[in-house]
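For the sequence shown, this note's numbering begins at 1346 and goes up steadily by one.
Structure first, commentary second.
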Amino acid sequence: MKTKLKDYWHYNEEIYIHEGFVRFIEDDLAPQAQISKKTFWDALKRLAIKFSKENERILLRRKELQNRINTWYFNNRSSIRDIQKYKKFLKNIGYLIDQGANFRIDTTNIDDEISEKPAPQLVVPVDNARFAINAANARWGSLYDALYSTDVIGSVAQSTDFDHERANQVISWTKSLLDEVLPIRSHSWSDLTAIKIENHELHLHDNLGEVFLESKDLYQGYNLNEQLLEILFCHNNLGIILTVNKSSKIGKLDQLGISDVALESAVTTIMDLEDSVATVGVNEKILAYKNWLTLMTGEITSSFKKNGKNFTRSLKMDRFFISPMGKSFEVRNRSLMFVRNVGHHIMTPIVKLNDGSEIGEGLLDALVTTACSLADLRKKGGIKNSLRGSIYVVKPKMHGPDEVTFTNDIFKEVEDILNIPRNTVKIGLMDEERRTSLNLEECIRRIKSRVVFINTGFLDRTGDEIFTSTLVGPMIKRNEMKSADWLQAYEKNNVDVGLKCGLIGRAQIGKGMWAATEQMSNMFVQKIGHIHSGASCSWVPSPVAATLHAVHYHRADVRQIQKKIAQSPESTETHKNQLLKIPVLGGTNLSKEEILG
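See below:
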């Protein structure tokens, strides 16, 4: 039965659309994306009507499977640790599916940031323009600032006044790093007395004469602007920029006059519409969409006041260097941006069907974020996100292969509606639900021409582990969960399956967030473990954290690590058996303090 809804436009008498959203589309998105208003509204109507019932069906399927698992747990308490019996049951109900023939992904038109540059990955709320701009601009970060402002070299700075001793510690630490990643034959960077460019070539000197890099290929070029000299190096496919400015405060502390060392840091960034935002209201969601649109147009700005002064932030332009051959070349100055949509389970009041029911917010995200990205794809120059004509979407909270197929079908429809080539939209697959972990290879198969990213995450995945098996009994404590058999198998399985499916050179294998934003020393010690486990990117919470984590990608060669792991992977069945070990507390009794703590 049709009803009239206040503040809604009844389009073609088939769907209701919130008037605030109508204004955003017609005034902002349609002109910037160069699509007609009618094209967008017809697309939205088509998506809402075609996919809403299937969206409802997959959510009912989740409930059905959970109910059957609950019943099995209730009826099989005495054999709860019988993995083969448990596995047979899960196969019988379609929770665990048979694995198909081996395959390799064939995703094309992938930007170098994904295919060629293992590096840190930022995740930021896209509803905050200032945070989003800072993240997009975090492609390069000052190592000097990162070390000076955190506890990596010891305690944090005790005063806002400039500390010469601390600055010298930073310089010394950095030169030791340069000895590791930009080694000089039989010398240390601390020995150098002069650094200069002559005839486009790099020349290094100590007190006895000229010295040389162990590999001249490390030097990529330079940029000279009056007294400021920038020298570009490349190690492990990541850039390092030494800035020489002898007249600056920092430059005066160093005999070479190096005033900063910048590392290529947040090479990719996820602009988040999901976990890190609270876009419950219509206007909040529209603001997030507007920010994504203006990130794609390159016109986003954020004005604020700090210490009594007004500032306006915007996206950085790319920078230029001169090669050793005297040729000018461009260096990317911004992070490649993904956008994370919401999962299939969330509904939105922005669009309603004739019966008053809300449509899946994931349907709306798919259309709007893709349409916004057309503003980037159709630009001839200026600030560009993808140089390969691709749109990068991270899709979370998918339970198993059928839900991945549903996502793929949605984006096929969106591409057809917007008249863009098939597989323009690339997908980052979040491995954060139990049914996806157990069927990861089949999930990847369903999007083998789109996938550019798989990722693990402790909190969400642990949440689903607990939720699935709640009826078994109390679970082990949080700290114990991190060393549990299932979690170790989960992390290894993600890497092994990714490598088996051919993600090297085509897609990222990611690891989860470091959430303790003030504990950078601990992060610096621990997070290199993600690289040694085979990850090509790992999440960080801030630009400073990205710069510090970037050091790890110089100290460890991701590609060599991945190739070594790929030569002797553990079997998928071994991983699955470990994944099915329910982390139940068993006969252990917890104290009152442990329960409340």
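Positions of the beta carbon are idealized from the N, C-alpha and C atoms, including for glycine.
- Counting along the chain, the unbroken alpha helix (DSSP H) around residue 1522 starts and ends at 1509-1526.
- Membership of residue 1842 in the alpha helix (DSSP H) is indicated by the continuous run 1830-1845.
- Rounded to the nearest angstrom, the gap between the Cα atoms of residue 1813 and residue 1711 is 28 angstroms.
- Restricting attention to beta strand (DSSP E) runs no shorter than 3 residues, the segment 1732-1805 encloses them at 1736-1740, 1770-1776 and 1796-1801, ordered along the chain.
- Leaving aside the five residues that flank residue 1365 on each side, the residues in its chain whose CB is nearer than 7 angstroms to its CB run, in chain order, 1627, 1628 and 1631.
- Contact between the segment 1471-1491 and the segment 1504-1511 is absent: fewer than three C-beta pairs spanning the two stretches fall below 8 angstroms.
- Per DSSP, residue 1704 is one residue of the beta strand (DSSP E) stretching across 1703-1705.
- Measuring C-alpha to C-alpha distances from residue 1454 to each of 1820, 1828 and 1733 identifies 1733 as the nearest.
- In this chain, residue 1637 is not harboured by any beta strand (DSSP E); it is covered by the alpha helix (DSSP H) spanning 1627-1642.
- Between the segment 1537-1554 and the segment 1632-1652 there are fewer than three C-beta pairs closer than 8 angstroms, too few to call the two in contact.
- Here residue 1695 really is in contact with residue 1709; their C-beta atoms are around 6 angstroms apart, less than 8 angstroms.
- In this structure, the CA atom of residue 1863 is about 26 angstroms from the CA atom of residue 1939.
- Counting only runs that start and end inside the segment 1527-1583, the beta strand (DSSP E) elements of at least 3 residues fall at 1539-1543, 1546-1551, 1554-1556, 1564-1570 and 1573-1580.
- The residues 1862, in chain order, have a CB closer than 7 angstroms to that of residue 1887 in the same chain once the five nearest residues on each side in sequence are set aside.
- Judged by pairs of C-beta atoms under 8 angstroms, the segment 1457-1467 touches the segment 1897-1908, as three or more such pairs exist.
- By the Cβ criterion, the segment 1587-1595 is not in contact with the segment 1868-1886, since fewer than three pairs of Cβ atoms, one from each stretch, lie closer than 8 angstroms.
- When beta bridges are read from the DSSP output, residue 1607 appears opposite 1487 and 1586.
- Secondary structure of residue 1364 (DSSP, three-state): helix.
- Using a Cβ-Cβ distance cut-off of 8 angstroms, the segment 1907-1922 and the segment 1819-1839 are in contact, since at least three pairs of beta carbons, one from each stretch, lie closer than that value.
- The three-state reading of DSSP puts residue 1624 in coil, since its state is none of H, G, I, E or B.
- A distance below 8 angstroms between beta-carbons, with the five flanking residues on each side excluded, links residue 1432 to the following residues of its chain, in chain order: 1441, 1921, 1922 and 1925.
- Residue burial annotation: residue 1481 is buried, with at least 16 other C-beta atoms found within 10 angstroms of its C-beta.
- In the three-state scheme derived from DSSP, where H, G and I count as helix and E and B as strand, residue 1476 is classed as helix.
- Per DSSP, reduced to three states, the secondary structure at residue 1655 is strand.
- Per the coordinates, the alpha-carbon of residue 1471 lies some 9 angstroms from the alpha-carbon of residue 1640.
- Residue 1613: member of the beta strand (DSSP E) spanning 1613-1617, first to last residue.
- The residues 1548, in chain order, have a CB closer than 7 angstroms to that of residue 1541 in the same chain once the five nearest residues on each side in sequence are set aside.
- Residue 1625 counts as exposed, since fewer than 16 other C-beta atoms from the protein chains shown sit within 10 angstroms of its C-beta.
- When DSSP states are grouped into helix, strand and coil, residue 1855 belongs to the strand group.
- Around the Cβ of residue 1784, a 10 Å sphere holds 16 or more other Cβ atoms; the residue is buried.
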